[in-house]
Amino acid sequence: MAKNKNIFTAAAAALGILILLFAVGSFYTVDEGERGVVIRYGSLINVAEPGLHFKLPVIDSVRKISVQEQVELYRNMEAYSNDQQPAVMNLSVRYQIDSSRVDEVYRNFGTRQALIDRQVTRIVLEEAKTVLGQFNAATSIRERGRLNLEMAQAVQRSVTGPVIILGVQVEDVSFSAAYEESVEQRMLAEVAVERERQNLERERVEADIVRTRAAAEADRVRAQAQAEADSIRLRGNAEAEAIRERAAALANNPLLVELVKAERWDGKLPTTMLPNATVPFIEANK
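Numbering (the numbering used here), first residue to last: 103 to 388.
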């Protein structure tokens, strides 16, 4: 009896465990930024959106694939510039899987990394060499923005399938130490030339300022001299006019001369006289 009871208890426990496993294994969740690929007997039967879902325990399995933005790094890629300078590049590629084509990712590639290895990496390596080959070494350094743009456009045109290329960034392009030193020296020379050009332009502007100030000072002196000349001319004209008017008055009034003499005489006769000199006199009215 006790033996049968033990058997019953063990069976009940096993059944409870199976029920618990069934309950727990029947539900799964998919996070935002993921999609769940539901597999039954090795066949894809559904792609689950974010949320809580039901599946057959033991029979169904779920493989989650991220559809969030990802970054793939490519280090130490070797290439040649248009002027045959060997270069080493570091690139980063931003991408994400098309959420509407997750089933295609699983069927054709199995995993996200397999998709990147087969559809992205090979193309990035090829296009990086092609695009850099269109730039001279100095241009690739000086015009990094254009290099980034053309690199991104080339990769985006060439990558196909359920992956979206969001951007390509050329992190670094390095050439041999000897070449980089020569580029640096050439850039320093260009900077020196530009500095001299700016100095010459500054000197030209300063000379223009000096000439302008000198011209203004000359205009001021000329205007002052003109004003003084005009003043002298006006005074001379006034004095001449006064003389003319006085002469006219004397001509019209002969006795005015005698009046002036009388007004100016102090009433004393000269104490000394030259021989044959005329004794001054004033005519008196009779």
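All residues carry an ideal CB built from backbone N, CA and C; glycine is no exception. Since we're looking at a predicted model, the values are computed, not measured.
Your pair S276 and A189 checks out as a contact, with CB atoms roughly 7 Å apart and the cut at 8 Å. Around the CB of E252, 16 or more other CB atoms lie within 10 Å, so the residue is classed as buried. With fewer than 16 other Cβ atoms inside 10 Å of its own Cβ, G144 counts as exposed.
Look at the stretch 174–238 and you find these whole runs of alpha helix (DSSP H), each 4 residues long or longer: 204–210, 214–218 and 224–234. Contact between the stretch 294–307 and the stretch 226–237 is absent: fewer than three C-beta pairs spanning the two stretches fall below 8 Å.
With a cutoff of 9 Å on beta-carbon distance, V169 and D219 are scored as not near each other. Cβ atoms of V207 and E174 stay farther apart than 8 Å, at about 15 Å. For E136, the beta-bridge partners assigned by DSSP are S168. Straight-line spacing of the CA atoms in E228 and P159 works out to 46 Å. If the five residues before and after R177 are omitted, its C-beta is found closer than 6 Å to the C-beta atoms of N192, all from its own chain and listed in chain order.
K166 is not a Cβ neighbour of F129, given a cutoff of 9 Å. Taking all protein chains shown into account, L249 has 16 or more neighbouring C-beta atoms within 10 Å of its C-beta and is therefore buried.
Between E292 and R246, the alpha-carbon positions lie close to 19 Å from each other. Shortest Cα-Cα distance from L146 to any of P264, V270 and G212 involves G212. Across the structure, T232 and V307 are spaced so that their CA atoms are roughly 48 Å apart.
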